[in-house]
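Accompanying notes for the structure given below.
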Amino acid sequence: MSLLDTNKKRVNRRKFRVRNKVRRVSFDRMRLCVCRSLKHISIQLIDDSKHMTVASASSVGMEMPEKVSGKIELAKLVGKDLAKKASELSVGPVFFDRGKYKYHGRVRALAEGLREGGLEF
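Numbered according to our numbering, the sequence shown spans residues 3 to 123.
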């Protein structure tokens with residue numbers, strides 16, 4: 003097997019492991035779904051019982067303050083932005099669905115921003 007095939011299998015195992023945890027837990031909580039690209043990061047607050055997106059935040063249309071120097075700090079700001087929107091909707095505890103991404107770097111900064119904004123998961 004090539005290294006590329008091994009990495010794809012590892013990513014798929016991680017994705018299905020997280021997906022199974024989401025299915026077990028998210029019936030009574032809303033889900034935070036993370037999507038990451040090379041330039042941007044976005045997050046959605048999804049209510050699986052109603053099959054609809056309640057709130058979302060993204061770095062695509064976000065006004066970047068001049069003090070932000072990198073993508074990790076930008077991810078933290080996106081997390082704080084969604085936490086503010088969720089507090090306006092009075093959302094309770096949620097499940098953090100990181101998908102196939104490791105809890106490291108921008109995903110971790112996003113989670114820290116959500117926690118600093120007052121969201122529980």
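Ideal Cβ positions, reconstructed from N, Cα and C, are used throughout, including at glycine.
Check, Outcome
"Exposure of residue 10, with buried meaning 16 or more beta-carbon neighbours within 10 Å", "exposed"
"Candidates 25, 122, 82, of which the one nearest residue 45 by Cα", "82"
"Residue from 12, 39, 5, 22 with nearest C-alpha to residue 73", "39"
"Given 8 Å, three or more beta-carbon pairs between the segment 116 to 123 and the segment 90 to 99", "yes"
"7 Å Cβ shell around residue 118 - same chain, five flanking residues per side excluded", "82"
"The segment 47 to 54 / the segment 22 to 39 touching (three or more Cβ pairs under 8 Å)", "yes"
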